[in-house]
Amino acid sequence: MVLLAVVVPGLSRAATPVAEHGVIDLRGTDFARIGSVDLAGDWGIVLGSDSSRAFAWTVDSYLQQPGSWNDAYPGTGNAVMVLRVLLPESAPPLALAIPDINSAWRLHVDGVLVRSLGELGLDAGSEVPVLERVLVPLPLGRPFVDLVFEISNHHHSEGGITRAVRIGQAEVLALEAERLTALPLAAFGALLMITLMALAFYAGGKRSAAFLVFALFTALVAARTFAAAQLYVLIGHEMRADLWSLPVAYATLFVFPGIYFVFLRELLPDEAPRSLAWGGYGLSAVMVAVALFTPSAFYSGFHDLFMLLNLAAPVVGVGLSAWAIIRRRLGASWLMAGSLVLSVALANDILHYARIINSTDLVSVGFAAFASCYFAALALRMFHAERSASERLATLNHDLEGLVAARTASLAEALEVAERASKAKSEFLAVMSHEIRTPLHGWAGLTELLAQTQLDDQQRKYVRLLRRTAEQLSRLIGNILELAGMETGRVRLEPQPLRLDELTEEMAALVRGQAGDRGQGFAMHCAADLPAGMMADEGAVLQVLRTLLDRLGTASGDLLLGVSAPLPHLVVTLSGPARDDVESAGDSDIGQALCRNLVEAMGGELSIRRQDNHVEAWLRLPLSEALPPEPRRQDQPRHVRVLLADDVELNRLVLRGFLSTTGWSVDEAADGRQAVAMVEAGRYDLIVLDLRMPVMDGFAAARAIRQWAHETGNKAPPLVALSAGAAAADRQQAEAAGFTIFLAKPIGPDALVASLSALLPATSLPPPPSPPSGLEGLMPAFLAEMDKDAVLLQELQAGDRFVLIDHVHAMRGKCGMFGENLLFDLLSQLEQDIPAASQQEISAQVVAAVERVSQLRQYQ
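For the record, in the sequence shown the residue sitting at position 252 is 285 according to the numbering used here, with numbers rising by one throughout.
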């Protein structure tokens, strides 16, 4: 619509006065009504640079204006054109609007030079042409004015005033000039904005060559608009036509066909044939070469031909775009709209320069519209490509998630299979450990018991060999099981604060014991600056030492043990005679692998060196000092009642034999249910349970005992797990079931007694009863009677208080008879307090009396 508003008015104009023989009569013109008129018609012309004849009105001929003098004279050269303008008597202030003439010129009004543009010259070297529209005010109160134009044209193919000079009110002409500038200025701004947007898209990550080429094209068109539309006037500068205006305007226009077909091939590769694109490239190359390498007076003569060729490009584009629209190509509608607008603009300029219509230059507007439409098509294609890429990415992501889910499920299934296999392996190891360690425990235990009998030297030697074989076999089995656990990643260390002197004594006892068994000497060097306590897993340290001891032979010599603490490490050295078969002993090799795994888990280093039948081992562990715990008790408490529960009679026999030297009372149970029943019926200071027993296993028995103690308010005695299954899972289950400690079979008598003694309270028992002379033999019956009375006392404490008083009184009498003074005092106080005491106070005194009854069993 904008283009039609500009083009259509130029197709027909109202009749205006026309100059004849160098005079135009405007005396009847109402300038207040019509604003301005063209000074068209016959102007006088004087060829050459001599203007004196023109001032004397001696002209060579008359020439129709506006128009070039090429029809009658050569296009390049010098001439003077004259016109007399007859003005109305009461004319308002008038001015002349001089168009952009292709030459340098000077204007004289009534013989006075009023304006010049550029520098006149006799050839192209001396002439300086400048393209610029100029507004020149006319003097007031004149009946006529004489206009004399001196023109020098050596840079353009067309000479003369090719566009009409207009006369009218100054305000009207200024508004017309602004109108002529408004459209190119808007086009220039649009082209700059599109150029920056294209560069932003290219620099912002859309590294498509189309954006870069398009940005260069719009920048060139913006430069042409700036030059051809004379926008430089707005910033107060003049531009030489021969250096800037003409080359920029023509070269940019001529390069268009090639770039246009680049755009077509980019957006419509299937519709725009390659041969057509190459034709456009060749045409642009020829036209640009002509514009750059020939004088402007030459190439400007091909303006009309080149404009027709430029018009052919968007016309072809309209047809290709229509075909693309039919084929539903993305962006084809935008490309067709831009091509249509550009075609109309180029056709307007062709008609305008041919002076068929009188309109303005619309090429800049057409290029701006085309650039806007093409950029919209390019952006639309980019957004569509990104959306398609996002959809493909979403699809790939969905597929990848499916693959990951399937892979995860596969891995989870594989992990489950591996865990089942690991669990099966652990269960197999646990069963094998239990099945092998159980008879081994009996073998080792009976050997220990046999060693305590009266033996001659030969028998003692046999027993010693049996014991050593049992120890080696036990270590071998233990090492195999532990190493198997480590290979599955189950190296569990339990570092705890320990006394370094006790750890040193334990290590010395191991080395000293082996040296004594083999008839070897023993020496130890312990540094004086050892810290009091440290954090370590004592079992792991001793396990390493046992493995190192196994590499020592039986040859004569001394076993040397050294312990030092050069901070921040604990260093243990062991040396002695080497075993002859150490290189092939499977026990040693397995033990050494286990040993190295343990040392690495503790963050330490191990070095073993053999030289000349002598072995030296060097162990370095990180030393983390800690507050030392209380010393272990060295004495064995007396009057201890122990319950042993094991389904294997041989194991019970061995354990009873181990504890026989302590003077403790030992009761036996063949399964877990029997053990629970015995605990509920009597009082025990220690309960030792095998974990795998028929009817009720040790885990269930431990939970039942803990539950019974909680429900009855009794204090549960320490529970000891003693099992041939030494796997980590057994230890964890034992801890969860409520066991106090875990001991693995086989175990020696000293280790068993020491472990059990550590669980007993360190406080000494109150004095035992003192029965009168003659009643000592009845003490077992008295203790049994007290056990029954204690159970009944617990049952009666919450019932009828008179019945409770009678029962307490009877118990008190028995205690007095057998000299049990402590229980007698407790029952006397209870009997006295029952009538007025609260139930809570009665219960507290009953608990104290029952506790004293349990102590009486330890004196048995």
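By construction, the Cβ of each residue, glycine as well, lies at the ideal position given by its N, Cα and C atoms.
Outcome for residue i when other beta-carbon atoms lying within 10 angstroms are tallied against a minimum of 16
i: Asp833; result: exposed
i: Ile67; result: exposed
i: Gly144; result: exposed
i: Asn646; result: exposed
i: Asn684; result: buried
i: Glu204; result: exposed
i: Thr480; result: buried
i: Phe326; result: exposed
i: Leu436; result: exposed
i: Phe835; result: exposed
i: Asn343; result: buried
i: Arg440; result: exposed
i: Trp311; result: exposed
i: Leu444; result: exposed
i: Ser790; result: buried
i: Ile845; result: Correcting the residue type first, residue 845 is Arg in the shown sequence and not Ile. With 16 or more Cβ atoms within 10 Å of its Cβ, Arg845 is classed as buried.
i: Asp150; result: Before going further, note that residue 150 is Leu rather than Asp in the sequence given. Leu150 should be labelled buried.
i: Ser617; result: Residue placement at Ser617 is poorly supported in this model, since its pLDDT is 37, which falls under 50; the coordinates still yield a value, given next. The residue is exposed, with fewer than 16 neighbouring Cβ atoms inside 10 Å.
i: Val450; result: exposed
Coil, strand or helix - residue i by DSSP
i: Gly549; result: helix
i: Asn343; result: helix
i: Trp76; result: strand
i: Gly746; result: coil
i: Asn854; result: helix
i: His54; result: coil
i: Trp102; result: helix
i: Gly154; result: coil
i: Leu488; result: coil
i: Ala881; result: helix
i: Ser149; result: strand
i: His385; result: helix
i: Met635; result: coil
i: Thr251; result: helix
i: Asp763; result: helix
i: Phe835; result: helix
i: Glu191; result: coil
i: Gly586; result: coil
i: Glu649; result: strand
i: Ser390; result: The identity of residue 390 in the sequence shown is Ile, whereas the question assumes Ser. The answer is coil: DSSP assigns Ile390 none of H, G, I, E or B.
i: Glu165; result: coil
i: Pro655; result: strand
Residue range of the alpha helix (DSSP H) that includes residue i
i: Asp783; result: 782-790
i: Phe64; result: 64-67
i: Pro217; result: 203-236
i: Gly566; result: Where Gly566 is concerned, there is no enclosing alpha helix (DSSP H), although the beta strand (DSSP E) it sits in stretches over 566-569.
i: Arg685; result: 682-692
i: Ala823; result: 812-829
i: Val712; result: 705-714
i: Ala124; result: No alpha helix (DSSP H) contains Ala124, which DSSP labels as neither H nor E.
i: Ala87; result: 85-88
Near the ligand GTP: residue i beta-carbon under 7 Å from a heavy atom
i: Trp367; result: With respect to the ligand GTP, the structure shown offers nothing to examine, as it has no ligands at all.
Boundaries (first-last residue) of the beta strand (DSSP E) holding residue i
i: Phe772; result: Phe772 -> no beta strand (DSSP E), and no H or E assigned at all.
i: Ser185; result: 177-186
i: Arg117; result: 110-119
i: Ser608; result: 602-610
i: Asp700; result: 698-702
i: Ala678; result: 674-678
i: Arg139; result: 137-142
Closer than 8 Å to chain C by CB, residue i
i: Thr695; result: Included in the structure is just one protein chain, with no chain C present.
Is the region 90-97 in contact with the region 205-212, if contact means three or more CB pairs nearer than 8 Å?
Contact check between the region 90-97 and the region 205-212: fewer than three CB pairs, one atom from each, fall below 8 Å, which does not count as touching.
Three or more beta-carbon pairs under 8 Å between the region 284-291 and the region 309-316, yes or no?
Note that the region 284-291 touches the region 309-316; at least 3 beta-carbon pairs, one per stretch, sit closer than 8 Å.
Quick one: complete alpha helix (DSSP H) runs, 4+ long, within the region 281-369?
With a minimum length of 4 residues, the continuous alpha helix (DSSP H) runs that stay inside the region 281-369 are 289-300, 307-326, 329-332, 336-359.
Could you tell me whether the region 414-428 touches the region 374-382, where touching means 3 or more Cβ pairs closer than 8 Å?
Proximity of the region 414-428 to the region 374-382 falls short of the contact definition, fewer than three beta-carbon pairs being nearer than 8 Å.
Length at least 3, wholly inside the region 394-434: the beta strand (DSSP E) runs in chain order:
Listed in chain order, there is nothing to give.
Is the region 109-123 in contact with the region 187-198, if contact means three or more CB pairs nearer than 8 Å?
Contact holds between the region 109-123 and the region 187-198, because three or more Cβ pairs, one in each stretch, are under 8 Å apart.
Would you be able to state if there are at least three C-beta pairs under 8 Å between the region 326-343 and the region 298-305?
The region 298-305 vs the region 326-343: no contact.
Segment contact, 8 Å Cβ cut-off, at least three pairs: the region 53-69 with the region 162-173
Too few Cβ pairs lie closer than 8 Å, so no.
Check whether the region 813-829 touches the region 723-731, taking contact to mean three or more Cβ pairs, one atom from each stretch, closer than 8 Å.
These segments do not touch.
With a cut-off of 8 Å, do at least 3 Cβ pairs link the region 578-588 to the region 596-615?
In short, these stretches touch, since the Cβ pair count reaches three.
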